[in-house]
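Working notes for the structure below.
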Amino acid sequence: MAGPGVVTLQATIGRRPRRAALVGNPNVGKSSLFNVLTGLRQRIGNYPGITVERVAGTMSVPGGAIEILDLPGAYSLLPRSPDERVTRDTLAGRGSEAAPDVVVVVVDAANLERSLFLTTQVIETGMRVIVALNQLDVALAQGVSVDAAALAEHLGVPVIKTCGRTGGGGDALSAAIAAGGHVGRTLALSLPGEAVECANSLAAKIGADDPESLVGALCSAGAAAAWLERSAGRDAAAFRAARDDLAARGIDVETATATARYAAIEALTPAVTRTADARQRWQARLDRVLTHPYLGTFALLAIFLFLFLVVFSWSGPAIDFVDEQMGAFGAWLGGLFGTGLMASFVEDGVVAGLGAFLVFVPQIAMLFICIEALEDSGYLARAAFLLDRVMGGVGLPGRAFLPLLSGFACAIPGIMATRAIESRRDRLVTMAILPLMSCQARLPVYAVVVGALFTSFGGWVPSVVVISMYALGIVTAAAVAKGLRLSVLPGARSPLLLELPPYRMPAFSMVLRNTARRTWSFVAGAGPIIVVLTIALWATLTFPQDVELTRDFGAETAAIEQQMTEATPAQQAGLSAQIAELRTLESSEQLRGSYMGRAGVWIEPVIEPLGFDWKIGVAVIGSFAAREVFVPTLGVVYSVGEVEAEDAGLLASMRSDRWPDGRPVFTPLVGISLLVFYVIALQCASTLAVLKRETNSWRWPIWLFLGYTGLAYLASLVVYQVGLLLGY
Amino acid sequence: MKAIEGEPLLRERLVELGFTPGTPVCVERRAPLGDPLHVRVRRGAYAMRGDEARCILVEEAPWPAPVS
Chain L
0 MAGPGVVTLQ
10 ATIGRRPRRA
20 ALVGNPNVGK
30 SSLFNVLTGL
40 RQRIGNYPGI
50 TVERVAGTMS
60 VPGGAIEILD
70 LPGAYSLLPR
80 SPDERVTRDT
90 LAGRGSEAAP
100 DVVVVVVDAA
110 NLERSLFLTT
120 QVIETGMRVI
130 VALNQLDVAL
140 AQGVSVDAAA
150 LAEHLGVPVI
160 KTCGRTGGGG
170 DALSAAIAAG
180 GHVGRTLALS
190 LPGEAVECAN
200 SLAAKIGADD
210 PESLVGALCS
220 AGAAAAWLER
230 SAGRDAAAFR
240 AARDDLAARG
250 IDVETATATA
260 RYAAIEALTP
270 AVTRTADARQ
280 RWQARLDRVL
290 THPYLGTFAL
300 LAIFLFLFLV
310 VFSWSGPAID
320 FVDEQMGAFG
330 AWLGGLFGTG
340 LMASFVEDGV
350 VAGLGAFLVF
360 VPQIAMLFIC
370 IEALEDSGYL
380 ARAAFLLDRV
390 MGGVGLPGRA
400 FLPLLSGFAC
410 AIPGIMATRA
420 IESRRDRLVT
430 MAILPLMSCQ
440 ARLPVYAVVV
450 GALFTSFGGW
460 VPSVVVISMY
470 ALGIVTAAAV
480 AKGLRLSVLP
490 GARSPLLLEL
500 PPYRMPAFSM
510 VLRNTARRTW
520 SFVAGAGPII
530 VVLTIALWAT
540 LTFPQDVELT
550 RDFGAETAAI
560 EQQMTEATPA
570 QQAGLSAQIA
580 ELRTLESSEQ
590 LRGSYMGRAG
600 VWIEPVIEPL
610 GFDWKIGVAV
620 IGSFAAREVF
630 VPTLGVVYSV
640 GEVEAEDAGL
650 LASMRSDRWP
660 DGRPVFTPLV
670 GISLLVFYVI
680 ALQCASTLAV
690 LKRETNSWRW
700 PIWLFLGYTG
710 LAYLASLVVY
720 QVGLLLGY
Chain B
0 MKAIEGEPLL
10 RERLVELGFT
20 PGTPVCVERR
30 APLGDPLHVR
40 VRRGAYAMRG
50 DEARCILVEE
60 APWPAPVS
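Protein sequences appear in the order of chains L and B.
Throughout the first sequence, residue numbering follows numbering that gives the first Met the number 0, covering 0 to 727 in sequence.
Throughout the second sequence, residue numbering follows numbering that gives the first Met the number 0, covering 0 to 67 in sequence.
Right, here's the structure in full:
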């Protein structure tokens, strides 16, 4: 690949580079360095057409700014995953944008040989390179010290010692970037003589003028595939014949280049490293416990149980705070508009809609902080290691563990996290079952139903009900995954090669930054849809205004008010209670006549076999926009005004609600049926929108929506009807 | 280790990670239920399933001074 590019790059010497790219193996602290360089001036987006996150930022240097690209982690410039493909294409200027002017290769001092593999590949492209020698502290703890000056001399590029975790070396690195780096020295690879010979004759045969690059393509599986892709069929037969010829002569044409590169690197390393006898026993000891078949499994369960406890207990105050603030804000803003329709629109429509999703932000952020900290510590890779076999039982890769875990906060960031799964089929299975993880939006539903119907059982019953719902989601997900593997997404899982990085203390700034990023993906992904749909819901619950009422509530209220003026204080209390009751009756009739109320009544025959009446129907229909609206909708339906999940008024109204024939509407059995429905049904427009974006078609979201709705209906039907037969 | 078999792209990736002939490889442990394996090579550690690990042909040798 060396060649023409070098000339133009040499010509730009003396001009400050405008764009720099960071590349490096995964887990080498590349993103920490990126943060050190760019501070808060970052932009996260997507590469056009593919779902790989594009992270860019700007670094200010004396006299201007330089754009810094944080490219996805890669082990090699011969890509195996969409992420690695982006890295290669961006460096080659083959993507949607021009190649960067300078490449910063972040080298892991603690795994120098593997890092140099990528480094020497980058140097061979002829680009201007700077090496950031990172993780020196980790290497030192392992007894390895790296001589930066000697490394710089061998590679022919500036080598800057950095420490992404503390920000050390950041200034030196940004100065080096501003200076523009150097075109490095290509490492001489000793490839077999037959290969060179064969490349020369092939070059002559097909009229290629660069036999050197042909040698590389002949002796590497990845490079050969890339060569064939680029040639688009031309000379493919000759190329394949040349490889077969080489293979017949006993040369390993798939790995010869890679093996030769390692040989060259091994020849280089003694000159740049010193190894002392320092061993890090604690790493190995920690692994002995945390990945032990029994102890490790136990630790895994304990860690995640603890994680969920922490998330749910610590985020409580923050949730209450948001809730109170939004309530007060809505009341204040609504007050500005008086008491009419406009005030109701602002308070119950717009602000309630904002509150409906903002209230989830603290809990989601808290869960992500925990997940990010576990990820940064190196533990999540171990969790994937422990769970790979179990998840393999239903055809899921161990890598799916992190996205599925995120799904307990919100499916949207979970679906986005599936981007790290290399195989498309593995990724589709994971995305398909993500909506079954009990996300935060289901919790208020669980809380209301359990609060109204199961607290009277006392003791452990309420917790068991909630935990069973989480378990039901997981079991259903496993069954669906298995079903998909056996039907539309057949085939074995893609090979597993998961790095188990050394344990380390999570870097607080990185954890916070990534948490902010993921939480934002929830706010931006779900927020607008939830607000719009809440407003639509408000409208369908409020209009038409001219519902025909069975009684003249206005006149009756006026009559009672007339009596009030002549009543004694004792009588007045009774009369105002009568007025309140009339108002509740009136809004209930008003609601029954609204568009949504009519929809609830219309659907009642369909959902009655599940044990739901029209009021539950209204809440269920509303929830198809977003589960967040379930509790507010019940609040409206039961005319108890502004409600929270623990609201005593709502719970009492639910308990005392009766069918026309006098049976209670909410029995424990109806509660279970309702919970089961909410566990399985895909009631989240935002998730559908994100599924559409990530799979690039409506096929998956539509099928999943229909499938999960049908499954939820069936499951609730079975639960309720079997429950009735058993006499509950 | 001696050699690598298997599908070309997987073989090359294994070499890229440092599984080159002559390099010591150590199977640290197995996950519950026997799969995947925790394998160390050079200064890296990887999880791989039995299917992938079977591609790596080895001959037994005492593991040199422990690293990391």
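Where is the CB? At the ideal position from N, CA and C, for every residue including glycine.
Using the DSSP secondary-structure output, state which residues sit across from residue i in a beta bridge.
i, result
"LYS160(L)", "LEU132(L)"
"ASP209(L)", "Answer is none; ASP209(L) lacks a bridge partner."
"HIS181(L)", "VAL128(L)"
"GLY43(B)", "VAL40(B)"
"ILE65(L)", "MET58(L)"
"VAL104(L)", "VAL22(L) and VAL130(L)"
"PRO663(L)", "ARG657(L)"
"SER144(L)", "ARG273(L)"
"GLY167(L)", "CYS162(L)"
"ILE55(B)", "ILE3(B)"
Can you pull the chain L neighbours of residue i, defined as C-beta to C-beta under 7 Å?
i, result
"PRO7(B)", "ALA220 and GLU253"
"ARG12(B)", "ARG79 and LEU496"
Give me, in chain order, the residues of the same chain whose beta-carbon lies closer than 8 Å to that of residue i; leave out the 5 immediate sequence neighbours on both sides.
i, result
"ALA10(L)", "Low confidence applies here, because ALA10(L) scores a pLDDT of 40, under 50, leaving its location unreliable and the question unanswered by this model."
"ILE578(L)", "THR556, ILE559 and GLU560"
"GLY92(B)", "Coverage of chain B is limited to positions 0 through 67, which leaves residue 92(B) absent and any answer about it impossible."
Which residues in the same chain as residue i place their Cβ atom closer than 6 Å to its Cβ, once the five residues preceding and following it in sequence are excluded?
i, result
"VAL310(L)", "MET365 and LEU366"
"ALA64(B)", "Bear in mind that a pLDDT of 48 at ALA64(B), under 50, signals an unreliable position, so the model cannot answer this."
"TYR727(L)", "LEU668"
"GLU58(B)", "LYS1"
"VAL678(L)", "MET468, LEU471 and GLY472"
"GLY621(L)", "LEU536, VAL628 and THR632"
"PHE552(L)", "LEU581 and GLU585"
"VAL6(L)", "Residue placement at VAL6(L) cannot be trusted, given a pLDDT of 37 that sits under 50; what the coordinates show is reported in the next sentence. Nothing listed; no residue qualifies."
"GLY4(L)", "Unreliable positioning characterises GLY4(L) in this predicted model, as indicated by a pLDDT of 35, which lies under 50. The coordinate reading is nonetheless provided below. Excluding residues within five positions, the ones whose Cβ falls inside 6 Å are GLY125."
"GLU15(B)", "none"
Under the assumption that residue i contacts residue j (Cβ atoms under 8 Å), give the Cβ distance between them as a whole number of angstroms.
i, j, result
"VAL121(L)", "VAL102(L)", "6 Å"
"ARG662(L)", "ALA451(L)", "Not quite, the Cβ-Cβ distance comes to about 16 Å (not below 8 Å), so this is no contact."
"ALA416(L)", "LEU435(L)", "Actually they do not touch by this definition, with Cβ atoms about 16 Å apart."
"ALA46(B)", "LEU499(L)", "6 Å"
"ASP387(L)", "LEU495(L)", "6 Å"
"VAL145(L)", "LEU154(L)", "Not a contact, Cβ separation roughly 12 Å."
"TYR707(L)", "ALA680(L)", "6 Å"
"ARG18(L)", "ASP100(L)", "5 Å"
"GLU588(L)", "VAL546(L)", "7 Å"
"ALA355(L)", "ILE615(L)", "Actually they are not in contact, since the Cβ atoms of ALA355(L) and ILE615(L) sit about 19 Å apart, beyond 8 Å."
"LEU139(L)", "ILE67(L)", "Actually they do not touch by this definition, with Cβ atoms about 27 Å apart."
"ASP302(L)", "VAL358(L)", "It should be noted that the sequence gives Ile, not Asp, for residue 302(L). Not confirmed; about 27 Å, so no contact."
"VAL38(B)", "ALA52(B)", "7 Å"
"VAL35(L)", "GLY163(L)", "6 Å"
"ASN24(L)", "LEU117(L)", "6 Å"
Excluding the 5 residues flanking residue i on each side, which residues of the same chain have their C-beta closer than 7 Å to its C-beta?
i, result
"LYS204(L)", "ALA237"
"ALA194(L)", "VAL214, LEU217, CYS218, LEU245, ILE250 and ALA255"
"ALA257(L)", "SER219"
"LEU532(L)", "ALA624, ALA625 and ALA684"
"ALA151(L)", "PRO157 and VAL158"
"LEU385(L)", "THR290, GLY295, THR296 and LEU299"
"ALA64(L)", "THR57 and MET58"
Listing by chain order, which chain B residues have their CB less than 9 Å from the CB of residue i?
i, result
"PHE238(L)", "Ordered by position in chain B, no residue passes the 9 Å Cβ test against PHE238(L), which lies about 14 Å from the chain."
Can you pull the chain B neighbours of residue i, defined as C-beta to C-beta under 7 Å?
i, result
"PHE384(L)", "ALA30, PRO35, HIS37 and ALA46"
"ARG728(L)", "The requested residue 728(L) is not part of the displayed model; chain L covers only 0 to 727."
"ALA257(L)", "GLU11, VAL14 and GLU15"
Could you name the residues of chain L that residue i contacts, counting a contact when the two beta carbons are closer than 8 Å?
i, result
"ILE3(B)", "THR254"
Using a Cβ-Cβ cut-off of less than 9 Å, list which residues of the stretch 15-35 of chain B approach chain L; keep chain order.
GLU15, LEU16, GLY17, THR19, PRO20, THR22, GLU27, ARG28, ARG29, ALA30, PRO31, LEU32, GLY33, ASP34 and PRO35
Report the residues of the stretch 477-497 of chain L with a CB closer than 7 Å to any CB of chain B, ordered along the chain.
From the stretch 477-497 of chain L, only PRO494, LEU495, LEU496 and LEU497 have a Cβ closer than 7 Å to chain B.
Check distances from the C-beta atoms of the stretch 287-319 of chain L to those of chain B and list, in chain order, the residues that come in under 7 Å.
THR290, PRO292 and THR296
Residues of the stretch 62-94 of chain L in Cβ contact with chain B at a cutoff of 8 Å, in chain order, please.
TYR74, SER75, LEU77 and ARG79
If contact means a Cβ-Cβ distance below 8 Å, which residues of the stretch 39-50 of chain B contact chain L?
ARG41, ARG42, GLY43, ALA44, TYR45, ALA46, MET47, ARG48 and ASP50
What residues from the stretch 104-134 of chain L come within 9 Å of chain B, judged by C-beta to C-beta, listed N to C?
ASP107, ALA109, ASN110, LEU111, GLU112, ARG113, PHE116 and LEU117
Return the residues of the stretch 420-434 of chain L that lie within a Cβ-Cβ distance of less than 9 Å from chain B, sorted by chain order.
Taken residue by residue, none of the stretch 420-434 of chain L has a beta-carbon sitting less than 9 Å from a beta-carbon on chain B.
Return the residues of the stretch 387-407 of chain L that lie within a Cβ-Cβ distance of less than 8 Å from chain B, sorted by chain order.
ASP387, ARG388, VAL389, GLY391 and GLY397
Any residues in the stretch 357-379 of chain L with a beta carbon nearer than 8 Å to a beta carbon of chain B? Which ones, in chain order?
none
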